[in-house]
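Asker: Below: one structure in C-alpha coordinates.
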Amino acid sequence: MWIDQANKQPIGLLAKATDQGSFFGEYSDRRSLTEGRFVLAGTGDIPYSHDWKFAALSLPPIQSTFFFHCTALLHAIRAIVADFKTHITGSTLVGIAYGYWGVTQQGMSIETGILAAGLCSVAGMLPDLDSDSGIPLRETSMFASAVVPILMLDRFREMQLSHESMVLATMLIYLGIRFVVVEFFRRFTVHRGMWHSLPAAATAGLAAYLVMPCPEESVRLFKTAAIVIGFLVHLILDEIWAIEFGFLRFRAKKSFGSALKLFGNNQLSNLVVYAQVFFLAYLAWGDHDISDQIREHTRFDDPHIAQPAPRELPWQKWLK
15 MWIDQANKQP
25 IGLLAKATDQ
35 GSFFGEYSDR
45 RSLTEGRFVL
55 AGTGDIPYSH
65 DWKFAALSLP
75 PIQSTFFFHC
85 TALLHAIRAI
95 VADFKTHITG
105 STLVGIAYGY
115 WGVTQQGMSI
125 ETGILAAGLC
135 SVAGMLPDLD
145 SDSGIPLRET
155 SMFASAVVPI
165 LMLDRFREMQ
175 LSHESMVLAT
185 MLIYLGIRFV
195 VVEFFRRFTV
205 HRGMWHSLPA
215 AATAGLAAYL
225 VMPCPEESVR
235 LFKTAAIVIG
245 FLVHLILDEI
255 WAIEFGFLRF
265 RAKKSFGSAL
275 KLFGNNQLSN
285 LVVYAQVFFL
295 AYLAWGDHDI
305 SDQIREHTRF
315 DDPHIAQPAP
325 RELPWQKWLK
(Lines of atoms letter the chains of each structure in order from A; the text may use other names.)
(Lines give C-alpha, C1' and ligand atoms only; values in the text may rest on other atoms or scores of the structure.)
Protein backbone atom coordinates (compact mmCIF):
# COMPACT_ATOMS: atom_id res chain seq x y z
CA MET A 15 0.00 0.00 0.00
CA TRP A 16 1.35 3.42 -0.93
CA ILE A 17 1.19 5.77 2.05
CA ASP A 18 1.68 9.51 1.98
CA GLN A 19 3.50 9.93 5.29
CA ALA A 20 2.94 13.70 5.28
CA ASN A 21 -0.85 13.51 5.04
CA LYS A 22 -1.30 9.95 6.33
CA GLN A 23 -3.48 9.16 3.35
CA PRO A 24 -3.41 5.90 1.38
CA ILE A 25 -2.71 6.45 -2.29
CA GLY A 26 -3.16 3.04 -3.85
CA LEU A 27 -2.84 -0.69 -3.70
CA LEU A 28 0.52 -1.94 -4.85
CA ALA A 29 0.59 -5.71 -4.74
CA LYS A 30 -1.27 -8.78 -3.72
CA ALA A 31 0.67 -11.91 -2.86
CA THR A 32 -0.38 -15.43 -2.06
CA ASP A 33 1.34 -18.58 -0.87
CA GLN A 34 4.06 -19.28 1.64
CA GLY A 35 6.20 -17.18 3.94
CA SER A 36 6.00 -13.47 4.60
CA PHE A 37 7.73 -10.44 3.30
CA PHE A 38 8.40 -6.87 4.31
CA GLY A 39 10.07 -4.33 2.11
CA GLU A 40 10.54 -0.61 2.41
CA TYR A 41 11.28 1.93 -0.25
CA SER A 42 11.47 5.64 0.44
CA ASP A 43 12.44 8.69 -1.51
CA ARG A 44 12.00 12.44 -1.55
CA ARG A 45 11.40 14.43 -4.68
CA SER A 46 11.35 18.15 -5.14
CA LEU A 47 7.79 18.04 -6.40
CA THR A 48 6.51 15.92 -3.53
CA GLU A 49 7.41 16.42 0.09
CA GLY A 50 5.78 13.19 1.17
CA ARG A 51 7.79 10.11 2.08
CA PHE A 52 6.51 6.96 0.42
CA VAL A 53 6.85 3.56 2.01
CA LEU A 54 6.17 0.17 0.54
CA ALA A 55 5.20 -2.31 3.22
CA GLY A 56 3.55 -5.61 2.55
CA THR A 57 2.67 -8.72 4.45
CA GLY A 58 1.43 -11.94 2.98
CA ASP A 59 2.50 -15.18 1.41
CA ILE A 60 5.50 -15.39 -0.83
CA PRO A 61 4.19 -16.70 -4.14
CA TYR A 62 5.58 -18.51 -7.08
CA SER A 63 6.43 -16.42 -10.12
CA HIS A 64 3.05 -16.62 -11.81
CA ASP A 65 1.12 -15.68 -8.67
CA TRP A 66 2.30 -12.08 -8.36
CA LYS A 67 -0.50 -9.67 -9.11
CA PHE A 68 0.47 -6.05 -9.28
CA ALA A 69 -1.87 -3.13 -9.38
CA ALA A 70 -1.12 0.54 -9.22
CA LEU A 71 -4.37 2.30 -8.46
CA SER A 72 -4.78 6.07 -8.34
CA LEU A 73 -1.05 6.75 -8.55
CA PRO A 74 -0.02 10.19 -9.80
CA PRO A 75 2.45 10.08 -12.73
CA ILE A 76 5.44 11.10 -10.65
CA GLN A 77 4.81 8.18 -8.29
CA SER A 78 4.48 5.58 -11.02
CA THR A 79 8.27 5.32 -11.17
CA PHE A 80 8.26 4.12 -7.58
CA PHE A 81 5.98 1.27 -8.58
CA PHE A 82 8.53 -0.22 -10.97
CA HIS A 83 11.35 0.14 -8.44
CA CYS A 84 9.25 -1.72 -5.89
CA THR A 85 8.40 -4.41 -8.43
CA ALA A 86 12.10 -5.19 -8.72
CA LEU A 87 12.36 -5.18 -4.94
CA LEU A 88 9.60 -7.75 -4.58
CA HIS A 89 11.21 -9.98 -7.19
CA ALA A 90 14.45 -9.83 -5.23
CA ILE A 91 12.60 -10.81 -2.06
CA ARG A 92 10.98 -13.71 -3.87
CA ALA A 93 14.36 -14.97 -5.09
CA ILE A 94 15.61 -15.61 -1.55
CA VAL A 95 12.56 -17.50 -0.36
CA ALA A 96 12.39 -21.31 -0.37
CA ASP A 97 9.97 -21.86 -3.24
CA PHE A 98 8.96 -24.81 -5.38
CA LYS A 99 12.24 -24.91 -7.30
CA THR A 100 14.28 -24.73 -4.11
CA HIS A 101 12.40 -27.63 -2.56
CA ILE A 102 12.58 -29.87 -5.61
CA THR A 103 16.27 -29.07 -6.14
CA GLY A 104 17.16 -29.79 -2.52
CA SER A 105 15.24 -33.06 -2.35
CA THR A 106 16.69 -34.16 -5.70
CA LEU A 107 20.28 -33.60 -4.57
CA VAL A 108 19.64 -35.42 -1.30
CA GLY A 109 17.89 -38.22 -3.20
CA ILE A 110 20.87 -38.70 -5.51
CA ALA A 111 23.20 -38.91 -2.52
CA TYR A 112 20.84 -41.33 -0.77
CA GLY A 113 20.54 -43.58 -3.82
CA TYR A 114 24.33 -43.57 -4.29
CA TRP A 115 24.80 -44.49 -0.63
CA GLY A 116 22.34 -47.36 -0.95
CA VAL A 117 24.04 -48.80 -4.02
CA THR A 118 27.63 -48.43 -2.81
CA GLN A 119 27.23 -49.08 0.92
CA GLN A 120 24.04 -51.11 1.39
CA GLY A 121 24.24 -53.46 -1.58
CA MET A 122 21.11 -52.17 -3.30
CA SER A 123 20.75 -52.65 -7.03
CA ILE A 124 21.31 -49.73 -9.37
CA GLU A 125 17.63 -49.78 -10.32
CA THR A 126 16.59 -49.60 -6.67
CA GLY A 127 19.02 -46.74 -6.04
CA ILE A 128 17.67 -44.75 -8.99
CA LEU A 129 14.07 -45.40 -7.90
CA ALA A 130 14.85 -44.30 -4.33
CA ALA A 131 16.48 -41.11 -5.64
CA GLY A 132 13.38 -40.35 -7.71
CA LEU A 133 11.04 -41.03 -4.79
CA CYS A 134 13.06 -38.74 -2.53
CA SER A 135 12.99 -36.02 -5.18
CA VAL A 136 9.22 -36.16 -5.61
CA ALA A 137 8.64 -36.40 -1.85
CA GLY A 138 10.17 -32.94 -1.58
CA MET A 139 6.92 -31.60 -3.05
CA LEU A 140 4.56 -33.48 -0.74
CA PRO A 141 4.35 -30.93 2.13
CA ASP A 142 3.18 -28.25 -0.31
CA LEU A 143 0.08 -30.25 -1.18
CA ASP A 144 -1.66 -27.91 1.26
CA SER A 145 -0.49 -24.86 -0.68
CA ASP A 146 -2.96 -22.48 -2.28
CA SER A 147 -0.80 -22.48 -5.40
CA GLY A 148 -1.58 -25.11 -8.02
CA ILE A 149 2.01 -26.01 -8.88
CA PRO A 150 2.88 -28.53 -6.12
CA LEU A 151 -0.62 -29.95 -6.00
CA ARG A 152 -0.85 -30.38 -9.76
CA GLU A 153 2.63 -31.78 -10.30
CA THR A 154 2.55 -34.16 -7.35
CA SER A 155 -0.95 -35.46 -8.07
CA MET A 156 -0.13 -36.10 -11.73
CA PHE A 157 3.07 -37.93 -10.84
CA ALA A 158 1.49 -39.93 -8.02
CA SER A 159 -1.53 -40.97 -10.07
CA ALA A 160 0.82 -42.41 -12.71
CA VAL A 161 3.49 -43.95 -10.47
CA VAL A 162 1.49 -45.35 -7.52
CA PRO A 163 -0.26 -48.05 -9.62
CA ILE A 164 3.15 -49.13 -10.96
CA LEU A 165 4.54 -49.37 -7.43
CA MET A 166 1.55 -51.54 -6.49
CA LEU A 167 2.21 -54.21 -9.14
CA ASP A 168 3.65 -56.57 -6.52
CA ARG A 169 0.52 -56.03 -4.43
CA PHE A 170 -1.66 -56.85 -7.43
CA ARG A 171 0.33 -60.04 -8.04
CA GLU A 172 -0.12 -61.08 -4.41
CA MET A 173 -3.86 -60.71 -4.86
CA GLN A 174 -3.69 -62.83 -8.04
CA LEU A 175 -5.52 -60.20 -10.06
CA SER A 176 -6.10 -60.82 -13.73
CA HIS A 177 -4.75 -58.46 -16.36
CA GLU A 178 -8.15 -56.81 -16.77
CA SER A 179 -8.50 -56.40 -13.01
CA MET A 180 -5.07 -54.76 -12.81
CA VAL A 181 -6.03 -52.29 -15.53
CA LEU A 182 -9.30 -51.51 -13.74
CA ALA A 183 -7.50 -51.05 -10.40
CA THR A 184 -5.01 -48.72 -12.08
CA MET A 185 -7.81 -46.59 -13.49
CA LEU A 186 -9.57 -46.39 -10.12
CA ILE A 187 -6.36 -45.39 -8.33
CA TYR A 188 -5.67 -42.72 -10.94
CA LEU A 189 -9.15 -41.23 -10.61
CA GLY A 190 -9.03 -41.45 -6.82
CA ILE A 191 -5.76 -39.52 -6.59
CA ARG A 192 -6.57 -36.96 -9.26
CA PHE A 193 -10.04 -36.06 -8.01
CA VAL A 194 -10.67 -37.37 -4.49
CA VAL A 195 -7.27 -36.83 -2.83
CA VAL A 196 -6.64 -33.52 -4.58
CA GLU A 197 -10.07 -32.20 -3.65
CA PHE A 198 -9.52 -33.27 -0.04
CA PHE A 199 -6.31 -31.26 0.22
CA ARG A 200 -7.92 -28.23 -1.40
CA ARG A 201 -10.90 -28.20 0.93
CA PHE A 202 -9.62 -29.42 4.28
CA THR A 203 -6.01 -28.27 4.57
CA VAL A 204 -4.38 -24.91 5.19
CA HIS A 205 -0.85 -23.98 4.27
CA ARG A 206 1.70 -24.61 7.01
CA GLY A 207 -0.90 -26.58 8.93
CA MET A 208 -0.42 -30.10 10.28
CA TRP A 209 0.57 -31.40 6.85
CA HIS A 210 3.76 -29.40 7.43
CA SER A 211 4.78 -31.48 10.44
CA LEU A 212 6.77 -34.50 11.58
CA PRO A 213 3.64 -36.69 12.01
CA ALA A 214 2.74 -35.90 8.40
CA ALA A 215 6.17 -37.17 7.33
CA ALA A 216 5.45 -40.39 9.23
CA THR A 217 2.06 -40.62 7.51
CA ALA A 218 3.66 -40.30 4.08
CA GLY A 219 6.26 -42.93 4.94
CA LEU A 220 3.72 -45.44 6.28
CA ALA A 221 1.48 -44.95 3.24
CA ALA A 222 4.47 -45.55 0.97
CA TYR A 223 5.37 -48.69 2.94
CA LEU A 224 1.89 -50.11 2.36
CA VAL A 225 1.86 -49.16 -1.31
CA MET A 226 5.25 -50.72 -2.12
CA PRO A 227 5.35 -54.38 -1.00
CA CYS A 228 8.58 -56.19 -1.76
CA PRO A 229 9.89 -59.72 -1.15
CA GLU A 230 12.96 -58.22 0.52
CA GLU A 231 12.12 -56.17 3.60
CA SER A 232 15.39 -54.22 3.39
CA VAL A 233 14.54 -52.96 -0.10
CA ARG A 234 11.04 -52.01 1.03
CA LEU A 235 12.37 -50.04 3.99
CA PHE A 236 15.01 -48.40 1.80
CA LYS A 237 12.39 -47.04 -0.60
CA THR A 238 10.10 -46.02 2.26
CA ALA A 239 12.92 -44.08 3.92
CA ALA A 240 13.45 -42.20 0.65
CA ILE A 241 9.92 -40.78 0.91
CA VAL A 242 10.41 -39.73 4.53
CA ILE A 243 13.80 -38.13 3.82
CA GLY A 244 12.44 -36.12 0.89
CA PHE A 245 9.55 -34.93 3.05
CA LEU A 246 11.93 -33.89 5.84
CA VAL A 247 14.21 -32.04 3.41
CA HIS A 248 11.26 -29.82 2.50
CA LEU A 249 10.48 -29.10 6.16
CA ILE A 250 14.12 -28.35 6.99
CA LEU A 251 14.42 -25.94 4.06
CA ASP A 252 11.28 -24.15 5.26
CA GLU A 253 12.85 -23.68 8.68
CA ILE A 254 16.16 -22.48 7.24
CA TRP A 255 14.43 -19.92 5.02
CA ALA A 256 12.40 -18.76 8.02
CA ILE A 257 15.58 -17.19 9.42
CA GLU A 258 16.80 -13.86 8.09
CA PHE A 259 20.57 -13.60 8.17
CA GLY A 260 22.35 -10.27 8.26
CA PHE A 261 25.79 -8.95 9.11
CA LEU A 262 26.64 -10.54 12.48
CA ARG A 263 22.96 -11.01 13.26
CA PHE A 264 19.95 -13.10 12.38
CA ARG A 265 16.22 -12.86 13.02
CA ALA A 266 13.56 -15.56 13.05
CA LYS A 267 10.42 -14.86 11.04
CA LYS A 268 6.93 -15.56 12.29
CA SER A 269 6.88 -18.73 10.19
CA PHE A 270 9.85 -20.18 12.08
CA GLY A 271 8.87 -23.40 13.83
CA SER A 272 5.79 -23.97 11.68
CA ALA A 273 7.34 -26.85 9.71
CA LEU A 274 9.31 -29.11 12.07
CA LYS A 275 6.54 -29.41 14.64
CA LEU A 276 4.70 -32.18 16.43
CA PHE A 277 1.46 -30.31 17.12
CA GLY A 278 -0.41 -27.43 15.51
CA ASN A 279 -2.84 -24.85 16.81
CA ASN A 280 -5.93 -26.73 15.66
CA GLN A 281 -6.74 -29.60 18.00
CA LEU A 282 -8.97 -31.33 15.46
CA SER A 283 -6.15 -31.35 12.90
CA ASN A 284 -3.80 -32.80 15.50
CA LEU A 285 -6.29 -35.56 16.28
CA VAL A 286 -6.84 -36.43 12.62
CA VAL A 287 -3.14 -36.56 11.75
CA TYR A 288 -2.19 -38.72 14.73
CA ALA A 289 -5.17 -40.99 14.09
CA GLN A 290 -3.84 -41.49 10.56
CA VAL A 291 -0.38 -42.28 11.90
CA PHE A 292 -1.62 -44.93 14.35
CA PHE A 293 -4.03 -46.45 11.84
CA LEU A 294 -1.38 -46.74 9.12
CA ALA A 295 1.13 -48.07 11.64
CA TYR A 296 -1.38 -50.77 12.63
CA LEU A 297 -1.86 -51.74 8.97
CA ALA A 298 1.88 -51.76 8.34
CA TRP A 299 2.50 -53.93 11.42
CA GLY A 300 0.05 -56.57 10.22
CA ASP A 301 0.84 -56.25 6.53
CA HIS A 302 2.96 -59.41 6.39
CA ASP A 303 0.25 -61.52 8.02
CA ILE A 304 -2.35 -60.17 5.60
CA SER A 305 -0.08 -60.81 2.62
CA ASP A 306 0.64 -64.36 3.78
CA GLN A 307 -3.07 -65.06 4.15
CA ILE A 308 -3.76 -63.73 0.66
CA ARG A 309 -0.98 -65.84 -0.84
CA GLU A 310 -2.14 -68.95 1.03
CA HIS A 311 -5.73 -68.45 -0.07
CA THR A 312 -4.87 -67.86 -3.72
CA ARG A 313 -2.45 -70.81 -3.76
CA PHE A 314 -5.19 -73.31 -2.90
CA ASP A 315 -7.71 -71.66 -5.22
CA ASP A 316 -5.38 -71.73 -8.22
CA PRO A 317 -6.57 -74.48 -10.62
CA HIS A 318 -3.01 -74.93 -11.89
CA ILE A 319 -1.83 -76.15 -8.49
CA ALA A 320 -1.45 -79.93 -8.40
CA GLN A 321 -4.46 -81.66 -6.86
CA PRO A 322 -4.46 -85.00 -4.97
CA ALA A 323 -4.53 -87.97 -7.32
CA PRO A 324 -7.78 -89.99 -7.50
CA ARG A 325 -7.88 -93.36 -5.76
CA GLU A 326 -8.34 -95.22 -9.01
CA LEU A 327 -6.49 -94.16 -12.14
CA PRO A 328 -8.24 -94.42 -15.53
CA TRP A 329 -5.84 -97.01 -16.93
CA GLN A 330 -6.53 -99.35 -14.00
CA LYS A 331 -10.06 -99.84 -15.32
CA TRP A 332 -8.65 -101.14 -18.58
CA LEU A 333 -6.71 -103.90 -16.82
CA LYS A 334 -9.78 -105.31 -15.11
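According to the numbering used here, the sequence shown is numbered sequentially starting from 15.
Glycine included, every Cβ here is placed at the ideal spot set by N, Cα and C.
With respect to the alpha helix (DSSP H) encompassing residue 244, which residues constitute its N-terminal and C-terminal limits?
Answerer: That run of the alpha helix (DSSP H) goes 231–254.
Asker: From 247, 251, 190, 109, pick the residue whose C-alpha is nearest to that of residue 162; which is it?
Answerer: The residue with the shortest Cα to Cα distance from residue 162 is 190.
Asker: From residue 283 to residue 106, what distance separates their C-alpha atoms?
Answerer: When rounded, the distance between both Cα atoms is 30 Å.
Asker: Taking C-beta to C-beta, are residue 168 and residue 213 nearer than 7 Å?
Answerer: Their beta carbons are not under 7 Å apart, which means residue 168 does not touch residue 213 by this criterion.
Asker: Could you compute how far the alpha carbon of residue 154 sits from the alpha carbon of residue 164?
Answerer: In a straight line, the C-alpha of residue 154 is about 15 Å away from that of residue 164.
Asker: If you scan the stretch 139–203 from start to end, which runs of the alpha helix (DSSP H) of 4 or more residues do you find wholly inside it?
Answerer: Within the stretch 139–203, the complete alpha helix (DSSP H) runs of at least 4 residues are 148–165, 167–172, 177–189, 196–202.
Asker: Tell me which same chain residues have a C-beta within less than 6 Å of the C-beta of residue 222, skipping the five on either side of it?
Answerer: Answer for residue 222: 238, 241, listed in chain order.
Asker: Quick one: Cα of residue 285 to Cα of residue 137, how far?
Answerer: Straight-line Cα distance between these residues: approximately 24 Å.
Asker: Taking just the CA atoms, how far does residue 124 sit from residue 185?
Answerer: The straight-line gap from Cα to Cα measures roughly 30 Å.
Asker: Given a threshold of 16 other Cβ atoms within 10 Å of its Cβ, counted over all protein chains shown, does residue 177 qualify as buried or as exposed?
Answerer: Exposed is the call here.
Asker: Buried or exposed: residue 1, going by 16 or more other Cβ atoms within 10 Å of its Cβ?
Answerer: Residue 1 lies beyond the residue range present for the chain, which begins at 15 and ends at 334; the question has no answer from this structure.
Asker: Using C-beta distances below 8 Å, list every residue in its chain close to residue 219, excluding the 5 sequence neighbours before and after it, in chain order.
Answerer: 238, 239, 241, 242, 245.
Asker: Residues in its own chain within less than 8 Å of residue 233 by CB, not counting five upstream and five downstream?
Answerer: Excluding positions up to five away in sequence, the list reads 122, 126.
Asker: In the DSSP assignment, the alpha helix (DSSP H) including residue 213 goes from what residue to what residue?
Answerer: Note, residue 213: alpha helix (DSSP H), 212–225.
Asker: I need the straight-line Cα distance from residue 132 to residue 109, nearest angstrom please.
Answerer: Cα to Cα, the separation comes out at about 7 Å.
Asker: Where does residue 206 land, buried or exposed, given buried means 16+ other C-beta within 10 angstroms?
Answerer: Residue 206 is buried by the Cβ-count criterion.
Asker: Could you pull the start and end residues of the alpha helix (DSSP H) that residue 115 belongs to?
Answerer: First-last of the alpha helix (DSSP H) with residue 115: 98–119.
Asker: Within the same chain, show all residues whose beta-carbon is closer than 6 Å to that of residue 291, passing over the 5 residues directly before and after it, in chain order.
Answerer: Here the set comprises 213, 216, 217.
Asker: With a Cβ-Cβ cutoff of 7 Å, do residue 287 and residue 208 count as a contact?
Answerer: Yes. Within cutoff.
Asker: Determine the closest residue to residue 104 out of 202, 280, 249, with distance taken between C-alpha atoms.
Answerer: If we check each option's Cα against that of residue 104, 249 comes out closest.
Asker: Output needed for residue 1: all residues of its chain with C-beta closer than 6 Å, excluding positions within five of it in sequence on either side, in chain order.
Answerer: Summary: the structure shown does not reach residue 1, with the chain confined to residues 15 through 334, and so no result is reported for it.
Asker: Measuring alpha carbon to alpha carbon, tell me which of 144, 170, 139 ends up nearest residue 101.
Answerer: Checking every option, the nearest Cα to that of residue 101 belongs to 139.
Asker: Quick test of your reading: residue 170 and residue 180, contact by CB under 8 Å. State the CB separation rounded to the nearest angstrom.
Answerer: Right, the Cβ-Cβ distance comes to about 5 Å (below 8 Å), so this counts as a contact.
Asker: Is residue 69 helix, strand or coil by DSSP?
Answerer: Since pLDDT at residue 69 reaches only 40, below the 50 mark, its modelled position is unreliable, and the value read off the structure follows with that caveat. Coil at residue 69, not helix or strand.
Asker: Let me make sure I understand the geometry here. Which of 119, 256, 211, 201 has the alpha-carbon closest to that of residue 276?
Answerer: Among 119, 256, 211, 201, the Cα nearest to that of residue 276 belongs to 211.
Asker: Might you give, ordered along the chain, the residues of its own chain that have their beta carbon closer than 7 Å to the beta carbon of residue 166, omitting 5 neighbours on each side?
Answerer: Same-chain partners within the cutoff: 225.
Asker: List the endpoints of the continuous alpha helix (DSSP H) containing residue 284.
Answerer: Per DSSP, residue 284 belongs to the alpha helix (DSSP H) from 281–299.
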